[in-house]
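With full-length UniProt numbering as the guide, the letters of the sequence shown map in order to residues 1 to 952. All C-beta atoms in this analysis are idealised placements derived from N, C-alpha and C, irrespective of residue type, glycine included. Bear in mind the structure is a predicted one, so any value in this text is a computation, not a measurement. All remarks here apply to the structure that follows.
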Amino acid sequence: MTNTAPASATPQHRYTNALANEIETKWQRYWLDNGTFHAPNPVGDLAPGEGESLPEDKLFVQDMFPYPSGAGLHVGHPLGYIATDVFARYNRMLGKNVLHTLGYDAFGLPAEQYAIQTGTHPRTTTMKNIDNMRRQLGALGLGHDARRSVATTDTEFYRWTQWIFLQIYNAWFDEQQRKARPIAELIEELKDGRRTTKDGRVYAELTREEQQEAVDEFRLVYRSNSMVNWCPGLGTVLANEEVTADGRSERGNFPVFRKKLSQWMMRITAYADRLIDDLEMLDWPDKVKAMQRNWIGRSRGAEVTFTATVTDGTAVPVTVFTTRADTLFGATYMALAPESELADQLLADAYEPGVDERWTGGAATPREALTAYRAAIAAKSDVERQENKDKTGVFLGTYAVNPVNGAKVPVFAADYVLSGYGTGAVMAVPAHDERDYEFASAFGIDIIPVLDGDVSEAAFTGDAPHINSANDAGLDLNGLGKEDAIAAVIAWLEEHDAGVEKIQYKLRDWLFARQRYWGEPFPIVYDAEGHAHALPESMLPVELPEVDDYKPVSFDPDDADSAPQPPLAKVTDWIEVELDLGDGVQTYYRDANVMPQWAGSSWYQLRYIDPTNSQAFVDLENERYWTGPQSAEDCGGVDLYVGGVEHAVLHLLYSRFWHKVLFDLGHVTSKEPYRRLFNQGYIQAFAYTDARGVYQPAAEVEQRDGKFFIGDMEVFQEYGKMGKSLKNAVAPDDVVADFGADTLRVYEMSMGPLDTSRPWATKDVVGAHRFLQRLWRLIIDEETGAVHAQADAALTDADLKQLHRTVAGVRDDYANLRDNTVVAKLIEYVNYLTKTYPGEVPLAAVEPLVVMVSPIAPHIAEELWARLGHEDTITFAAFPTFEQKWLVDDEVELPVQVNGKVRGRITVAADAAQDDVVAAALADERIAANIEGKTVIKKIVVPGRMVNLVVK
Numbered sequence: 001m002t003n004t005a006p007a008s009a010t011p012q013h014r015y016t017n018a019l020a021n022e023i024e025t026k027w028q029r030y031w032l033d034n035g036t037f038h039a040p041n042p043v044g045d046l047a048p049g050e051g052e053s054l055p056e057d058k059l060f061v062q063d064m065f066p067y068p069s070g071a072g073l074h075v076g077h078p079l080g081y082i083a084t085d086v087f088a089r090y091n092r093m094l095g096k097n098v099l100h101t102l103g104y105d106a107f108g109l110p111a112e113q114y115a116i117q118t119g120t121h122p123r124t125t126t127m128k129n130i131d132n133m134r135r136q137l138g139a140l141g142l143g144h145d146a147r148r149s150v151a152t153t154d155t156e157f158y159r160w161t162q163w164i165f166l167q168i169y170n171a172w173f174d175e176q177q178r179k180a181r182p183i184a185e186l187i188e189e190l191k192d193g194r195r196t197t198k199d200g201r202v203y204a205e206l207t208r209e210e211q212q213e214a215v216d217e218f219r220l221v222y223r224s225n226s227m228v229n230w231c232p233g234l235g236t237v238l239a240n241e242e243v244t245a246d247g248r249s250e251r252g253n254f255p256v257f258r259k260k261l262s263q264w265m266m267r268i269t270a271y272a273d274r275l276i277d278d279l280e281m282l283d284w285p286d287k288v289k290a291m292q293r294n295w296i297g298r299s300r301g302a303e304v305t306f307t308a309t310v311t312d313g314t315a316v317p318v319t320v321f322t323t324r325a326d327t328l329f330g331a332t333y334m335a336l337a338p339e340s341e342l343a344d345q346l347l348a349d350a351y352e353p354g355v356d357e358r359w360t361g362g363a364a365t366p367r368e369a370l371t372a373y374r375a376a377i378a379a380k381s382d383v384e385r386q387e388n389k390d391k392t393g394v395f396l397g398t399y400a401v402n403p404v405n406g407a408k409v410p411v412f413a414a415d416y417v418l419s420g421y422g423t424g425a426v427m428a429v430p431a432h433d434e435r436d437y438e439f440a441s442a443f444g445i446d447i448i449p450v451l452d453g454d455v456s457e458a459a460f461t462g463d464a465p466h467i468n469s470a471n472d473a474g475l476d477l478n479g480l481g482k483e484d485a486i487a488a489v490i491a492w493l494e495e496h497d498a499g500v501e502k503i504q505y506k507l508r509d510w511l512f513a514r515q516r517y518w519g520e521p522f523p524i525v526y527d528a529e530g531h532a533h534a535l536p537e538s539m540l541p542v543e544l545p546e547v548d549d550y551k552p553v554s555f556d557p558d559d560a561d562s563a564p565q566p567p568l569a570k571v572t573d574w575i576e577v578e579l580d581l582g583d584g585v586q587t588y589y590r591d592a593n594v595m596p597q598w599a600g601s602s603w604y605q606l607r608y609i610d611p612t613n614s615q616a617f618v619d620l621e622n623e624r625y626w627t628g629p630q631s632a633e634d635c636g637g638v639d640l641y642v643g644g645v646e647h648a649v650l651h652l653l654y655s656r657f658w659h660k661v662l663f664d665l666g667h668v669t670s671k672e673p674y675r676r677l678f679n680q681g682y683i684q685a686f687a688y689t690d691a692r693g694v695y696q697p698a699a700e701v702e703q704r705d706g707k708f709f710i711g712d713m714e715v716f717q718e719y720g721k722m723g724k725s726l727k728n729a730v731a732p733d734d735v736v737a738d739f740g741a742d743t744l745r746v747y748e749m750s751m752g753p754l755d756t757s758r759p760w761a762t763k764d765v766v767g768a769h770r771f772l773q774r775l776w777r778l779i780i781d782e783e784t785g786a787v788h789a790q791a792d793a794a795l796t797d798a799d800l801k802q803l804h805r806t807v808a809g810v811r812d813d814y815a816n817l818r819d820n821t822v823v824a825k826l827i828e829y830v831n832y833l834t835k836t837y838p839g840e841v842p843l844a845a846v847e848p849l850v851v852m853v854s855p856i857a858p859h860i861a862e863e864l865w866a867r868l869g870h871e872d873t874i875t876f877a878a879f880p881t882f883e884q885k886w887l888v889d890d891e892v893e894l895p896v897q898v899n900g901k902v903r904g905r906i907t908v909a910a911d912a913a914q915d916d917v918v919a920a921a922l923a924d925e926r927i928a929a930n931i932e933g934k935t936v937i938k939k940i941v942v943p944g945r946m947v948n949l950v951v952k
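Structure, rendered in structure tokens:
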């Protein structure tokens with residue numbers, strides 16, 4: 001792959017890989033030594049020096065937080081980083097103060113697993129990986145402000161992560177004001193009686209312990225004994241978003257089980273409406289907005305109360321949420337989430353005689369049936385439970401009364417009902433819901449249509465007038481359409497205290513704890529009674545202890561009965577601590593869990609703004625300058641955020657939630673963290689598998705007679721995302737060594753639109769290199785090294801037209817991240833100049849060219865700029881502008897039709913009158929030959945488009 005040739009055949013000053021590497025090393029050192037990409041802040045350590053001023057216009061460009069992988073980078077990783085660098089460099093040339101840096105998301109499960117695999121401490125491997133990634137990215141000439149780079153593992157960084165956690169912990173969501181407020185304000189309102197506790201008790205009449213528990217029920221961070229995703233193979237619990245559709249861990253592909261545990265939760269559901277509604281303010285791809293809306297899952301409906309009578313005769317209300325209350329008359333059974341407490345509450349002691357055996361699962365009692373059923377479904381994911389066509393469940397031995405018609409309907413536990421959505425109970429209307437229809441068919445339950453449609457073979461899910469939907473208590477839906485029927489039944493339910501209108505969400509609160517070592521410790525301690533106490537800010541950071549044994553307690557991956565045992569629980573001298581939290585020195589116990597890796601990435605853009613501030617996580621004046629709203633309608637945030645669409649839900653939703661809490665509490669002026677989002681595509685490559693389906697190294701594959709081999713073994717080609725697992729990765733180090741960083745940059749930017757995936761082909765990299773060689777040759781004599789540009793040569797009209805059109809197109813493309821068409825336009829312009837000026841080229845033609853090339857190929861541009869006589873870096877050279885007059889054609893070529901068929905073409909002045917156009921057409925030899933001996937009866941001229949002569 002190396003771009004070399006015999007020394008005798010290569011001119012001394014040709015742009016080769018060796019010269020490219022030399023130039024690139026030189027200018028990277030220059031940029032570093034001169035702080036070329038340092039962006040000043042309004043105030044603080046990074047403010048302008050004496051005599052310097054802050055540029056009026058600014059731009060904050062950000063890449064999604066990378067994880068420093070031990071495997072190093074492949075050429076797919078820098079795609080987005082190069083694109084943001086190009087955008088940042090272009091905007092610097094427009095005179096803007098550009099903040100562009102890169103940090104590292106270095107806590108979390110991947111780093112810990114890699115450390116365990118290699119037998120080294122996570123800190124050692126993480127720092128080594130960061131150093132390697134910095135080296136690799138540094139070789140690409142990225143214009144980052146190195147002073148602003150952070151890692152989530154930096155003590156000073158996670159000090160502020162812990163501080164933000166405390167702000168959220170010490171806050172509550174005021175439903176009336178629709179915003180977070182300090183918990184101290186809630187306590188004052190509870191004390192003076194303006195507000196009661198969640199259960200209606202008077203705060204002043206409670207004991208101190210009861211008061212603390214009452215306040216904790218309001219906090220945005222709380223402990224909950226709830227169903228979690230327990231992964232024995234990883235030894236930790238996972239958020240819903242970290243579990244694949246088939247019920248396995250996204251990291252490691254281990255089985256995941258639903259289990260009840262006491263865990264820290266964040267009340268992200270309080271912000272569900274704002275998280276949906278504020279999407280309208282964002283310049284984000286529609287696809288990402290849709291994914292967030294679907295994940296939050298806001299739906300309007302009704303909560304309906306059925307009544308079940310349990311064994312001891314107690315009437316138990318069973319509330320269900322439904323978006324189709326109009327189908328209540330067709331509800332013929334109820335289904336509960338098997339793991340719900342309600343299922344235990346409604347269990348009958350025994351089945352009534354004659355119960356269908358399909359309902360009992362072969363068990364003698366409802367309790368025996370439910371216990372066996374729970375064990376059988378423990379390993380099923382939420383998605384698998386909902387999408388499985390083979391419906392399963394067990395009868396609880398209890399019946400509930402349908403409020404609209406008094407019918408007794410059986411109550412089942414069924415795995416297609418999830419405890420996380422609604423009330424964990426559903427009213428089943430088999431005639432008009434596919435899953436209910438499948439369940440009812442399997443269990444022999446009545447299917448009663450209440451919409452006028454055919455249900456003989458499947459559920460009718462369309463819209464139709466209502467039937468079988470009336471009672472003797474004034475409710476008659478028969479003949480009504482959907483919306484009228486829903487309104488009528490909700491009004492009837494509210495009038496009869498049997499239901500209320502309700503808005504529901506699929507979004508669940510954020511599980512915010514991991515049973516790992518490598519993460520941010522919680523700034524929380526527990527007293528002897530197990531009550532949580534937030535540490536004062538003066539005690540931050542709570543540093544992660546250095547330990548030799550950081551491995552998690554892992555279990556048999558299939559051991560659903562195992563329970564988490566965090567590694568930090570073993571560090572007793574760190575867990576147990578003597579503190580004075582206001583009541584004298586007492587013994588407290590630290591939390592052995594750590595925060596999830598999403599913690600640091602939920603706010604890192606704010607630390608980029610003020611990385612050296614020891615007094616605040618970000619100074620408000622600096623935050624206002626870089627991310628504050630620019631108008632009354634603007635939400636504020638980072639000006640351009642580039643990353644993969646795979647973060648559409650996890651990172652972006654969490655980050656928006658944290659940011660909104662910080663906004664509510666007055667710590668930031670921006671309402672959203674990221675004003676504009678751009679999703680880049682992937683670089684893909686051919687991968688190869690052997691006969692067993694095992695991936696083999698793509699670099700070792702040879703093609704012979706249309707087949708592929710490694711040695712004598714045939715392998716089979718497929719196409720996929722470049723990466724270590726497919727063994728098809730190409731290291732950027734190799735490309736840089738063989739062609740130079742600028743060639744890699746030009747090639748990646750020219751491969752196609754940034755938002756689409758594109759195939760990597762090492763053999764095509766040479767095309768980008770040849771373009772740079774032509775650019776170099778245009779200005780530098782390959783034999784002597786002299787600059788052959790004429791300083792006093794005037795440009796012709798043709799030159800000016802070509803130059804100004806290139807400038808106009810390139811400016812527009814750079815502004816809109818169309819770097820592939822930038823490259824195409826620059827190649828076209830270089831080819832024009834090469835053809836037009838085989839000797840010396842006018843300086844006025846090439847200086848703008850070098851500036852236009854600079855954002856994409858900065859090293860060669862810097863070198864050429866210097867050789868053209870400039871003493872300052874090209875980084876801040878003014879980007880060329882264009883004159884409109886050179887964008888307008890003087891002449892146009894028009895097709896000439898005779899009786900609708902093109903018979904020739906003419907060239908006329910762009911502003912020629914119609915009579916002159918017709919005269920030119922008639923004078924053309926080809927046209928004249930086609931109309932000889934005929935009469936022109938009609939002359940049609942479409943200005944700038946065509947001429948049509950109708951002859952007879």
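By the 16-neighbour rule on beta-carbons within 10 angstroms, residue 377 is buried. Between residue 58 and residue 295, the C-beta spacing is not below 8 Å.
The beta carbon of residue 687 sits closer than 8 Å to those of 695, 698, 717, 718, 719, 720, 726, 727, 728, all from its chain and outside the five residues before and after it, given in chain order. Separation of residue 514 and residue 580 (C-alpha to C-alpha, rounded to the nearest whole angstrom) is 27 Å.
Secondary structure note for residue 177: it is in no beta strand (DSSP E), with a DSSP letter that is neither H nor E. Excluding the 5 residues flanking it on each side, residue 638 has same chain C-beta neighbours closer than 7 Å at 60, 62, 605, 627, 673, 674, 675, in chain order. Taking a contact as a CB-CB distance under 8 Å, the pair residue 882 and residue 804 counts as one, their CB atoms being some 4 Å apart.
Assignment of beta-bridge partners to residue 502 by DSSP yields 301. In the structure shown, residue 398 falls within a strand segment according to DSSP collapsed to helix, strand and coil. Inclusion of residue 795 and residue 845 in the CB contact set at 8 Å is warranted, their separation being smaller than that value. In this chain, the alpha helix (DSSP H) harbouring residue 600 covers 598-601.
With fewer than 16 neighbouring CB atoms inside 10 Å of its own CB, residue 901 falls in the exposed class.
Annotated three-state conformation of residue 779 is helix, per DSSP.
Counting only the Cα atoms, residue 780 lies some 12 Å from residue 790. Where residue 819 is concerned, the enclosing alpha helix (DSSP H) starts and stops at 819-836. Residue environment for residue 907: exposed (fewer than 16 other C-beta atoms within 10 angstroms of its C-beta). In the three-state DSSP reduction, residue 756 falls in the coil class, being neither helix nor strand. The Cβ-Cβ distance between residue 856 and residue 745 falls below 8 Å. Annotation for residue 335: 412, 414, 417, 426, 428 place their beta carbon closer than 6 Å to its own, counting only its chain and skipping 5 residues before and after. The region 199-216 makes no contact with the region 161-169, as fewer than three CB pairs between them are under 8 Å.
Annotation for residue 810: no beta strand (DSSP E) segment contains it, though the alpha helix (DSSP H) segment containing it runs 797-815. Straight-line spacing of the CA atoms in residue 769 and residue 739 works out to 7 Å.
Residue 503 counts as exposed, since fewer than 16 other C-beta atoms from the protein chains shown sit within 10 angstroms of its C-beta. Spatial neighbours of residue 748 in its own chain (CB-CB distance under 6 Å, excluding positions within 5 residues in sequence) are listed in chain order as 79, 82.
For the pair of segments examined, the region 240-259 was found to touch the region 222-232: the number of CB pairs separated by less than 8 Å reaches three. Within the UniProt domain "Methionyl/Leucyl tRNA synthetase" (63-170), the complete alpha helix (DSSP H) segments at least 4 residues long are 78-93, 109-118, 122-138, 155-169, listed from N- to C-terminus. For the options 182, 150, 407, 20, the alpha carbon positioned closest to that of residue 666 is the one of 182. Annotated three-state conformation of residue 533 is strand, per DSSP. Nearest to residue 584 by C-alpha distance, out of 734, 380, 527, 570, is 527. In the DSSP annotation of this structure, the continuous segment of the alpha helix (DSSP H) that includes residue 853 starts and ends at 843-853. Using a Cβ distance threshold of 8 Å, residue 311 and residue 349 count as a contacting pair. Here the C-alpha atom of residue 930 lies approximately 15 Å from the C-alpha atom of residue 939. Among the bridge pairs identified by DSSP, residue 717 is matched with 688. For the set 500, 254, 568, 180, the Cα lying nearest the Cα of residue 379 is the one of 254.
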